[in-house]
RNA sequence: CGGGAUGUAGCGCAGCUUGGUAGCGCACCUCGUUCGGGACGAGGGGGUCGUGGGUUCAAAUCCCGCCAUCCCGACCA
């Protein structure tokens, strides 16, 4: 059926809604695709629903293609299932919790690892049943502290989540690789510009993990990409090039310096450069990067009430990126040590902390990889108003390990090829990772092997933000006059706009609509009694890939075919339109 | 959770300083004129002014409390 706009449940807005800041959000509202129902909760109107279904269909086709099978779990699940995995407590306020009439606890599921694992455990028990991959496209609930940007960060959203079940690590790797390929196909078909970035696995545990990011100004994720090779990583997972190792014996003996009133790196560098003898010995003036800054943090194991001190050593011209650290330390919690924490360890002298002492007093010390073995530093002497020079790693101190801690800067060097890295923002549209045996261990998910022995199953977990992808596509494709959908997801292929005072153009357009539909196009016909300007503006706003204007040129037996994205228009004979449009991508 | 802002018709806003029967634009309905880039005229419908209390003869307006929403930050498979 040709959709007639006079009948379509649609109202476009001439003005921007006051509470929409992000372009995709603004236009999806203005063009009548979605309406807000509550913070982070949206209603899909007919045009929006079509887009959502189109995206879901593409996801479904590609999941089916790799042999994954679709199921559908309830969103409303009892507490016990989440209690078993510990997430009833771990998830905290993000979980929507509710009670039934008997006062039993329920939750609206934010994700479904537990249910998939339990389902497979209940059905399968032989090694012959594996490998297995299941998926669902379903509504998820997370009570986000701050929903924002329309569909980008919602409290209710549609997600495709899938899980692979394998007998061994090689099988998991194969399942992971299959998903990776499926995701590449999905995002290509969706018309998205995307990157695959190394990621840290986060609270879910597990090892290998990659994020699919759609570069966009409005994105919430920061990632790093190499300007030369294809290295791309989430800022939490990025590795940067480090200087070569040095020979610890190549440095002068460490010595204590009198550096009164130099609690900051800047004040210290100024003081050092006033000490001419030392500058001469160093061969050049000192800079912040010659100093070793030791930042006091504290860590806490999950479930533990007590914090342990942790000192991180970074070059003095760099700050510690707490978020990056937190990503790597998870599930261990990390925070800046406060005055009370420092007071509990008087041997740490604020502003003058050096690593020489830390091992001795039992404080864990980690350094950023840029503090390479054998490197020498100006650092605190653990005494007020004193620093130490030529303090050398591997000679004067030995850290317990390395951890990527420095805040990443534009222009840092790629660990793979040495070229400059650049920082960009993106929308996380997909995430794949090797979950391993975490949930299988929780629920004792085993298969019986050919020799009768139990085999612990290993899992992968994979997600695509379906509703989020809609806004990511909008964000990447919109222009100053409206939305601009790729043909693969557009609600209609052709938007027919009759313009003229009589019925002549409308009748011709209606006839053309029927023909186009018979030829397999999805057609939207603007049969409203509206002015030309209004119809044109709405056609641009709604963003169908092809706009066909039936107007003045009809007198010459022609219509105007406009490509929404390029803006290119050309006149085409009425009887040639169907043939012309047959060549367009769907 | 911290900071900032805002709540008046479906949407965008004015009115509040200085208390006195609720206003504009868009959208919507009727009639007429218009008809290739968000037309024009005339007439109309639609609002417990976020909420509870207080002051007052009288509160959208002044005072106190609460709630909600948006933005920034913290947080966030």
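Numbering (my numbering), first residue to last: 12 to 597. C-beta: ideal position from N, C-alpha, C; glycine also. These figures come from a predicted structure and were not determined experimentally.
Query	Result
When 584, 116 and 151 are compared against residue 478, the one with the closest alpha-carbon	151
Close-in-space but distant-in-sequence residues of the same chain around residue 192 (CB under 8 Å, 5 per side omitted)	77
Whether residue 534 touches residue 526 by CB criterion (7 Å)	no
Beta carbon of residue 446 nearer than 7 Å to that of residue 132	no
Bounding residues of the beta strand (DSSP E) (the contiguous stretch that carries residue 52)	52-55
For residue 241 and residue 221, the rounded distance between their alpha carbons	14 Å
Within 7 Å, strictly: CB atoms of residue 129 and residue 118	no
Exposed unless 16 or more other CB atoms sit within 10 angstroms - verdict on residue 357	exposed
Residue 481 beta carbon less than 7 Å from that of residue 162	yes
As assigned by DSSP and simplified to three states, the class of residue 436	strand
Supposed close pair residue 441, residue 198 - CB separation, criterion 8 Å	7 Å
Where residue 371 falls: helix, strand or coil (DSSP)	helix
Delimiting residues of the beta strand (DSSP E) encompassing residue 36	It is not in any beta strand (DSSP E) - residue 36 instead sits in the alpha helix (DSSP H) that spans 34-41.
Best match in 158, 37, 230 and 282 for proximity to residue 396 [C-alpha to C-alpha]	282
Opening and closing residue of the beta strand (DSSP E) in which residue 293 lies	From DSSP, residue 293 is part of no beta strand (DSSP E) but of the alpha helix (DSSP H) over 287-293.
Element boundaries [alpha helix (DSSP H), containing residue 99]	98-101
Test item: CB-CB of residue 438 and residue 230 under 7 Å	yes
Extent of the continuous beta strand (DSSP E) run through residue 276	Unbroken run through residue 276 is the alpha helix (DSSP H), 276-284; no beta strand (DSSP E).
Secondary structure of residue 329, DSSP reduced to three states	coil
C-alpha distance - residue 272 paired with residue 430, whole-angstrom precision	39 Å
Segment limits, alpha helix (DSSP H) that includes residue 197	180-200
According to DSSP, residues forming a beta bridge with residue 363	DSSP lists no partner for residue 363.
Residue interval of the alpha helix (DSSP H) (run including residue 518)	515-529
Secondary structure of residue 168, DSSP reduced to three states	strand
7 Å Cβ cutoff met for residue 82 and residue 147	yes
C-beta atoms of residue 182 and residue 142 nearer than 7 Å	yes
Residue 93 - containing alpha helix (DSSP H), residue span	90-95
Helix, strand or coil at residue 213 [DSSP, three-state]	For residue 213, the predicted model reports a pLDDT of 49, less than 50, meaning its position is unreliable and no value from the coordinates is stated.
For residue 520 and residue 232, the rounded distance between their alpha carbons	46 Å
Within the segment 379-442, ranges of the beta strand (DSSP E) (whole runs, at least 3 residues)	387-394 and 397-403
Nearest candidate by alpha-carbon position, reference residue 322, set 302, 410 and 267	410
Residue interval of the alpha helix (DSSP H) (run including residue 549)	543-553
Residue 296 (DSSP reduced to helix, strand or coil)	coil
CA-to-CA distance, residue 278 to residue 299, given in whole angstroms	10 Å
Proximity winner among 566, 492 and 86, relative to residue 575 (alpha-carbon distances)	492
Buried versus exposed call for residue 214 [16 or more other C-beta atoms within 10 Å across all chains shown]	Residue placement at residue 214 is poorly supported in this model, since its pLDDT is 44, which falls under 50; the coordinates are not used for a value here.
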